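Peer 1: Before we start, here is the structure in question, set down as structure tokens.
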Amino acid sequence: MNDLAAATERPAGAAAPDLAIARRRQHRRRQLTVQLLRVLTAIVWIGSWELTTRAGVVDKFFFGQPSGIAQRLQTWATEGTALGPLWQQVAATMEETVLGFLVGSVLGVVVGVLLGRNRLLADVFSPYIKAANSIPRVVLGALFAISLGLDLRSKVATAAVLVFFVVFFNAFQGVREVDRNLIANARILGADSRRLTTEIVIPSAMSWIIASLHISFGLALVGAVVGELFGATQGVGELIYNAEHNFDANGVFAGMLLLAVVALVAESLITALEGRLIKWRPNPVTDVTI
Amino acid sequence: MAHAIELRDVTKRFATPGGGVHTALRSLDLQVAAGEFAAVVGPTGCGKSTTLALIAGLEPASAGQVLVDGRQVDGVADGIGYVFQTDAVFPWKTVLENVAAGPRYHGAGGREARERARDWISRVGLAGFEDRYPHQLSGGMRKRVALAQSLINGPQILLMDEPFSALDVQTRTLMENELLALWASTSASVVFVTHDLEEAIALADRVFVLTAGPATVKGDYRIDLARPRNVSEIRFETRFAQLYREIWSDLRDEVLVSYERSRRGD
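Taken in sequence, the protein lines are chains A and B. Positions in the first sequence are counted from 1; adding 31 to them yields the working numbering. Positions in the second sequence are counted from 1; adding 1 to them yields the working numbering.
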């Protein structure tokens, strides 16, 4: 009866503690090297940019200058932007992104599961979905700007459309890939159709869905910013648009930097969410540290 | 008395992806009495699993009748347990949730389901592992979960599809003995599919030999070895060897046919 417990619970490497310590030390040393090289790369990259623009080899009017970008950010932070306080612009873009992401991913999961579970619906709608997927959907931002106005809604709609398709395709595929044996097992154990969906199909498709959330948050950000470019009164996209019109390369870069920070923070939040949602999985295959 | 399970002249055909028709079972007749432990042996891929799928109601028969307790099978019904060949426990549920699934699907409250699940978990020797996820368990432990999961519903019929084929030999013998002990405490009829003749004789009251696909029953043997049996020792008895020789002569030809076919690549 205890073939199980005895075999599993043996501390690995207990026989050779020296080896374990040596390996850990080696691992730490490598981590340190990687960190140092990363910092060095940044110094070389930003330093050479700064130096070449200062020396006039590269025209800072077109390509910006790191110190100028830092200065621009500082001015925005302390004195506010032309559109108002900086935090309001970031908050506006964040709001559009998060709302678009939520709307798009919820719709994507619902429609994906529905079509994945229902053959007839899938057959009827698949040509339309393929057609809709093949057009470059960012241009819908222009349509939404006309129909929904220049406020929040048009940006949320653009972001949601971008997110929807990615999440939808993943949810649909995830539902299709559910192990036949698991379905058969649940049916024999007495699960009805609703239980099959909620307890077998959706948890099983969850790995696929979560994987798509990583990509789709980035797309939501793209949607929000593109929506702002089509016309807005606030937001980081609008900041970038203004900077562009003033031939302010530093402003464009500063805006990009803000977006990058937002995207990285969101990415780490989604990774945390993933860890909570699929804690049953042996090795989460998230690839955030490239 | 009605048989617990009866297949009358059953044929099962599948449409192949290439547009052809594959006949898995042809004119198969098979009866299992109530409380009987029947083993079905046959060469790999001959249609043994299909037989179980028909009894379970997962697949309809193309022709013939499938009766459980004298009633025609039409769809998945209560009172049947199924242990799959590959892991079919739910990876996102803990051991406790996996075993409690059956009672919950039958409308039991959460607390009652968990209580019954705890009881079954300790019966299969997994007490203390209630909160583990399947990937944290060994193959043998996952089989125990699968056994508890299907037995908790109190099935009158237990279908087992090469349940222990993926286990190492020692674990396998252990599990076979435990299966016999668990089965003895129920009144369930068992259909145990395997390609291992030794396992079939050691466990069963009756062994059906199937032909290489399309499968039909070639031989039907009574195993008159005394119970309770110890699977690890019963193999040394003279009667065991006799039965083995007898059934193997029947099975061998089918295995050869199946082997020849797989070499030709059909």
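The C-beta atom is built at its ideal place from N, Cα and C for all residues, glycine as well. Here the structure is a predicted model, which is why all the values come from computation and not from measurement.
#1: Arg-307 of chain A lies in the alpha helix (DSSP H); which residues open and close that run?
#2: Within 8 Å (strictly less), CB to CB, does Arg-218 of chain A reach chain B?
#3: When you compare the CB positions of Leu-226 of chain B and Arg-240 of chain B, do they come within less than 8 Å of one another, or not?
#4: Could you have a look at His-276 of chain A and say whether DSSP puts it in helix, strand or coil?
#5: Check whether the Cβ atoms of Leu-193 of chain A and Gly-268 of chain A lie closer than 8 Å to each other.
#6: With DSSP collapsed to three states, give me the class of Gly-65 of chain B.
#7: With a threshold of 7 Å on Cβ separation, who are the neighbours of Phe-261 of chain A within its own chain once the five nearest residues in sequence on each side are excluded?
#8: When you compare the CB of Trp-107 of chain A with every CB in chain B, is at least one pair closer than 8 Å?
#9: Output needed in chain order: residues of the region 83–110 of chain B with a Cβ under 7 Å from some Cβ in chain A.
#10: With 8 Å as the C-beta to C-beta threshold (strictly closer), list the residues of the region 212–243 of chain A near chain B in chain order.
#11: Return the bridge partner residues of Ala-40 of chain B from the DSSP annotation.
#12: Is it buried or exposed, Tyr-159 of chain A, if we count other Cβ atoms within 10 angstroms and call 16 or more buried?
#13: I need the DSSP call for Ser-50 of chain B, collapsed to helix, strand or coil.
#14: Measuring CB to CB, does Ile-153 of chain B end up less than 8 Å from Ala-118 of chain B?
#15: From Leu-180 of chain B to Leu-133 of chain A, what does the alpha carbon distance come to, in whole angstroms?
#16: Measuring CB to CB, does Gly-143 of chain A end up less than 8 Å from Gln-265 of chain A?
#17: How would you label Val-155 of chain A, buried or exposed, when you count the other beta carbons within 10 angstroms and need 16 or more for buried?
#18: Under 8 Å, Cβ to Cβ, is there at least one residue of chain A near Ile-56 of chain B?
#19: Please give me, in chain order, every unbroken run of the alpha helix (DSSP H) with length at least 4 that falls completely inside the region 77–113 of chain A.
#20: Give me the Cβ distance between Ala-156 of chain B and Ala-189 of chain B, rounded to the nearest whole Å; I'm assuming they're in contact under 8 Å.
#21: For the putative contact between Gly-135 of chain A and Ser-247 of chain A, defined by C-beta atoms under 8 Å, what is the C-beta separation to the nearest angstrom?
#22: Taking the alpha-carbon positions, what's the Pro-164 of chain B to Leu-67 of chain A distance?
#23: Taking the straight line between their C-alpha atoms, what separation do you get for Leu-55 of chain B and Val-67 of chain B?
#24: To be precise: take each residue of the region 293–311 of chain A, compare its Cβ to all Cβ atoms of chain B, and keep it if any distance is under 9 Å. Which residues remain?
#25: Can you name the residues that DSSP bridges to Ile-52 of chain A?
#26: For Ala-191 of chain A and Trp-80 of chain A, what's the separation of their Cα atoms in angstroms?
#27: Please name the residue or residues paired with Tyr-222 of chain B in a DSSP beta bridge.
#28: Give the residues of chain A in contact with Tyr-134 of chain B, contact being defined as C-beta atoms less than 7 Å apart.
#29: By Cβ distance below 7 Å, which residues in the same chain neighbour Thr-45 of chain B in space, the five residues on each side in sequence not counted?
#30: Looking at C-beta atoms only, is the number of pairs between the region 3–22 of chain B and the region 67–79 of chain B that lie closer than 8 Å three or more?
#31: Who are the Cβ neighbours of Ala-216 of chain B in its own chain at under 8 Å, not counting the five residues just before and after it?
#32: Out of curiosity, what's the CA-to-CA distance linking Val-208 of chain B and Ala-40 of chain B?
#33: Name, in chain order, the residues that DSSP records as bridge partners for Asp-162 of chain B.
#34: Would you kindly work out how many angstroms separate the C-alpha atoms of Ala-282 of chain B and Val-210 of chain B, rounded to a whole number?
Peer 2: Answer, in terms of the structure:
#1: Secondary structure note for Arg-307 of chain A: its alpha helix (DSSP H) is the uninterrupted segment 280–308.
#2: yes
#3: yes
#4: helix
#5: Their beta carbons are not under 8 Å apart, which means Leu-193 of chain A does not touch Gly-268 of chain A by this criterion.
#6: strand
#7: Gly-172, Ala-173 and Ala-176
#8: The beta-carbon of Trp-107 of chain A is placed no less than 8 Å from the nearest beta-carbon of chain B.
#9: Tyr-83, Phe-85, Thr-87, Ala-89, Phe-91, Pro-92, Trp-93, Ala-102, Gly-103, Tyr-106 and His-107
#10: Asn-212, Leu-213, Ala-215, Asn-216, Ala-217, Arg-218, Ile-219, Leu-220, Gly-221, Ala-222, Asp-223, Arg-226, Glu-230, Ile-231, Pro-234, Ser-235 and Met-237
#11: B:Phe-193 and B:Val-208
#12: exposed
#13: helix
#14: yes
#15: Each residue's Cα considered, the two are about 49 Å apart.
#16: no
#17: exposed
#18: Using beta-carbon distances, Ile-56 of chain B does not count as an interface residue toward chain A, since no partner is under 8 Å.
#19: 91–94 and 97–110
#20: At residue 156 of chain B the sequence reads Pro, which differs from the Ala that was named. At roughly 6 Å, the Cβ-Cβ gap stays under 8 Å, so Pro-156 of chain B and Ala-189 of chain B are in contact.
#21: 7 Å
#22: 54 Å
#23: It is roughly 7 Å from the alpha-carbon of Leu-55 of chain B to the alpha-carbon of Val-67 of chain B.
#24: Ile-309, Lys-310 and Trp-311
#25: Partner residues in a beta bridge of Ile-52 of chain A, as assigned by DSSP, do not exist.
#26: Whole-angstrom Cα-Cα distance: 37 Å.
#27: According to DSSP, residue pairing for Tyr-222 of chain B in a beta bridge involves B:Val-208.
#28: Trp-311
#29: Correct list, in chain order: His-196 and Ser-259.
#30: yes
#31: Ala-25, Leu-26, Arg-27, Leu-29, Gly-43, Cys-47, Gly-48, Lys-49, Thr-51 and Thr-52
#32: Within the model, the alpha-carbon separation for Val-208 of chain B versus Ala-40 of chain B is close to 5 Å.
#33: B:Val-194
#34: No answer is possible for residue 282 of chain B: it lies beyond the span of chain B, which begins at 2 and ends at 267.
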